[in-house]
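Participant: Every number in the working numbering is 5 more than the matching position in the sequence shown, counting from 1. Using N, Cα and C, we set each Cβ at its ideal position, and we do this for glycine too. What you are looking at is a predicted structure, and each value in this text was computed from that prediction instead of being measured. Below are the structure tokens for one structure; questions will follow.
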Amino acid sequence: MTENTCAIPTPEQRKYLEIREAAERAMLEKVYKAIDEAAAEVADGFAKAGLEFEPTSRDYFAFATQQVLFVRLCGGDPETLKGGDAEIGQRIVNNGQHIIDHYWRRADDG
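Here is the structure:
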């Protein structure tokens, strides 16, 4: 075996992963649905109020979710954005940069 090879999971480990991944998929489906519903709610509210503003996009609500979760992961208060751990925040930012570099920039080079 090389350093880059993963051990074959035990039946218990496979079951653990199946359960956790199913819960993760279900959670993300709920998040995506909530984002869609929030955008639709604003569009409906604008229409009912007779406002001719461009409806708030799904991306706005996705970003709002991302920001709250980022602050929460850093141990901060999502309402005030205060109290977070800068080191944890930097690790999360570095992880995002790794995704950009490894998956998106590399894909563009190939």
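#1: When the Cα atoms are used, what is the spatial distance from R25 to T15?
#2: Looking only at its chain, what residues have a beta carbon closer than 8 angstroms to the beta carbon of I93, apart from the 5 residues adjacent to it on each side?
#3: I'd like the span of the alpha helix (DSSP H) that includes Y108, first residue to last.
#4: Could you tell me the distance, in whole angstroms, from the CA atom of L56 to the CA atom of G101?
#5: Taking the C-alpha atoms as reference points, what is the distance between V47 and R19?
#6: Using a 10 Å radius around the Cβ and a threshold of 16 neighbouring Cβ atoms, would you call F58 buried or exposed?
#7: Quick check on E92: does DSSP put it in helix, strand or coil?
#8: Let's test the definition: count the other Cβ atoms within 10 Å of the Cβ of I105 and tell me whether it reaches 16, buried, or not, exposed.
Facilitator: Considering the structure as presented:
#1: Their backbone Cα atoms lie some 15 angstroms apart in a straight line.
#2: The residues are L78, C79, G80.
#3: Run containing Y108: none; DSSP gives neither H nor E here.
#4: Distance from the CA of L56 to the CA of G101, rounded to the nearest whole angstrom, comes to 37 angstroms.
#5: Roughly 42 angstroms between the two C-alpha positions.
#6: Under this definition F58 is an exposed residue.
#7: Three-state DSSP puts E92 in a helix.
#8: Exposed, because fewer than 16 other Cβ atoms sit within 10 Å of the Cβ of I105.
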